[in-house]
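If you want our numbering, it's the 1-based position in the sequence shown plus 6.
We put the beta carbon where it would ideally sit given N, CA and C, even for glycine.
Take a look at the structure below.
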Amino acid sequence: MYHTKTLSELSALLEAGDVTSVQLTEHFLQRIKVHDAKLNSFITVTEEQALKTAAEADKKRQAGNAGPLTGIPIAHKDIFCTRGVKTTCGSKMLDNFESPYNATVVEKMQQAGVVMLGKTNMDEFAMGSSNETSFYGAVKNPWNTRAVPGGSSGGSASSVAARLSPAATGTDTGGSIRQPASLCGITGLKPTYGRISRYGMIAFASSLDQAGPMAQSAEDCALLLNAMSGFDPKDSTSLEKEVPDYTADLNKPLDGLKIGLPKEYFGEGLDEDVNKVVQKAIAEYKAMGAEIIDINLPNTHLAVPVYYVVAPAECSSNLSRFDGVRFGHRCKDPKDLEDLYKRSRGEGFGEEVKRRILVGTYALSAGYYDAYYIKAQQLRRMISDDFSEAFKKVDVIMGPTSPETAFNIGEKSDDPISMYLSDIYTIAVNLAGLPGMSIPAGFSTKSSVSMPVGLQIIAGHFDESRLLNVAHQYQLKTDWHKQIPEAFK
Ligand code: GLN
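Below is the structure:
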């Protein structure tokens, strides 16, 4: 059936005239209706609009004006502003918000002819690693509905893993594309900072946030990245750099590829089963002609503490715009302006968001700015320099995406530190602005239900083509990315 196919395969079917976009869209909408109650992966389903866009896409194709994504249904993380459609960012604060404009990513996807099925659930304001902080309730992992899908792009990951959508968009500030991709057994790519416009993507930590594709395969990610990337005058941090065809290098052989294995990514805290799966994947690369080189990223242990100063600092400033005045939640019958601010924000934000605003405000306060914020920025540079040194010796870096497989819902929700450590291998990549990917590499069979394990691949700035090539070659040799959870086949 259609949902067992990759986006690239669906594109070929559309091109051959074997299916129409309306048929595909109906198929996925039906799957959402039947299955999403078990997962809670969507906040909004845009059925009417989807069928209308699909019919337009079919007309475009008949007229000979179709590209590879014309008529392909996908889902958008609910962090992207979508004109005329509820855009919540997983928060009560924006439960009543309908965006008056489209994010650049949404606009670009529309131009490519993509059909939006709906908006996916996420941790509130993208803060979390489990999707439990959403105002709309926890998202479930399709491999085991008692487990979390990861976060913050957990709705996107869960919907793609269950094949309720062939692909989805996500955002990654400290791991939010790669970690849920790993925990749900799908392929996710966090591009270089500046590759994709952040305009209309609700800001969490502006110097770290980056959008990217979440799909079944590297080939699908390449097609989506082609459509999403590029300079945008509306985002001053988007780079004026040509967008290559990301599918062009997919088939390059890997002979002589130098893979760096950072000692720090295989130490204490790494689950034994996850390590085994990752080692097996690395052996596979060796068999494909790659050279394995041990490297060091000596400041890795500082990544989580540095991130939890920088990200909350930026979030405390970004989220000050939600004041109950211009948009979003407003408290009832405010006594005066101060009461309006206090109660609107107090009622609109959830616990984790409040925790971050408090930490960030503290770190930026006059007495502590030098001790925390400036110090964190200095260490951020050292973390970034570690990678620059490593990339003098190797082409890509590999390791686990996450230290363990999906944990149970509720297991870490009362322990923020243990939750923060879920991103121990992904956060440094954001601090350095590098591109990183997670691809399915096997399963952990430790518990009664087998759970997916992701392999992380990191490359130098703007080397997404290489990442995709390295991932695609592995996916030609293995079929981990083709596995579908039993209940959703
Ligand atoms: N889990 C990390 C956090 O809670 C990263 C989130 C993200 O990448 N958006 O901040």
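Beyond the five residues adjoining it in sequence on each side, residue 228 comes within less than 7 Å, by CB distance, of 252, 253, 256 and 474 in the same chain, given in chain order. At least one heavy atom of ligand 1 is found less than 6 Å from the C-beta of residue 133.
DSSP links residue 449 through a beta bridge to 458. Secondary structure at residue 433: helix, using DSSP grouped into helix, strand and coil. Selection 369, 351, 418 and 434 evaluated against residue 386 yields 434 as nearest (Cα-Cα). When the five nearest sequence neighbours on each side are left out, the beta carbons in the same chain lying within less than 8 Å of the beta carbon of residue 34 are those of 8, 9, 79, 123, 170, 171 and 172, in order along the chain.
By the neighbour-count definition (other C-beta atoms within 10 Å, threshold 16), residue 259 is an exposed residue. At least one heavy atom of ligand 1 falls within 6 Å of the beta-carbon of residue 180. If you compare the alpha carbons of 439, 461, 19 and 464 with that of residue 245, the shortest gap goes to 439.
For residue 267, the enclosing beta strand (DSSP E) has its first and last residue at 264-268.
With a contact defined as Cβ atoms closer than 8 Å, residue 67 and residue 76 qualify at about 6 Å. In the DSSP assignment, residue 28 falls outside any beta strand (DSSP E) and within the unbroken alpha helix (DSSP H) covering 27-45. Annotation for residue 57: 28 and 31 place their beta carbon closer than 7 Å to its own, counting only its chain and skipping 5 residues before and after. For residue 98, the closest C-alpha among the options 128, 376, 71 and 168 is that of 128. Taken from the Cβ of residue 429, at least one heavy atom of ligand 1 lies inside 6 Å. Placement of the Cβ of residue 158 at a distance of less than 6 Å from at least one heavy atom of ligand 1 is found. In the structure shown, residue 126 falls within a strand segment according to DSSP collapsed to helix, strand and coil. If you keep only unbroken beta strand (DSSP E) runs of at least 3 residues inside the stretch 44-119, you get 48-51 and 79-83. A direct Cα-Cα distance of roughly 7 Å separates residue 292 from residue 298.
Along the length of the stretch 180-259, whole alpha helix (DSSP H) runs at least 4 residues long occupy 184-190 and 224-234, reported in chain order. Short of 6 Å from the beta carbon of residue 491, and not among the five residues preceding or following it, lie these beta carbons of its own chain, in chain order: 148 and 149.
Residue 36 sits exposed, since fewer than 16 C-beta atoms from the chains shown fall within 10 Å of its C-beta. For residue 40, the number of other beta carbons within 10 angstroms of its own is below 16, and it is reported as exposed. The C-alpha of residue 364 lies about 8 Å from the C-alpha of residue 318. Per DSSP, the continuous beta strand (DSSP E) segment holding residue 176 begins and ends at 173-177. Between residue 188 and residue 302, the alpha-carbon positions lie close to 23 Å from each other. Under the three-state reduction of DSSP, residue 490 is assigned to coil, being neither helix nor strand. The three-state reading of DSSP puts residue 442 in strand, counting E and B together.
Each residue's CA atom was taken as its position, placing residue 315 and residue 166 some 32 Å apart.
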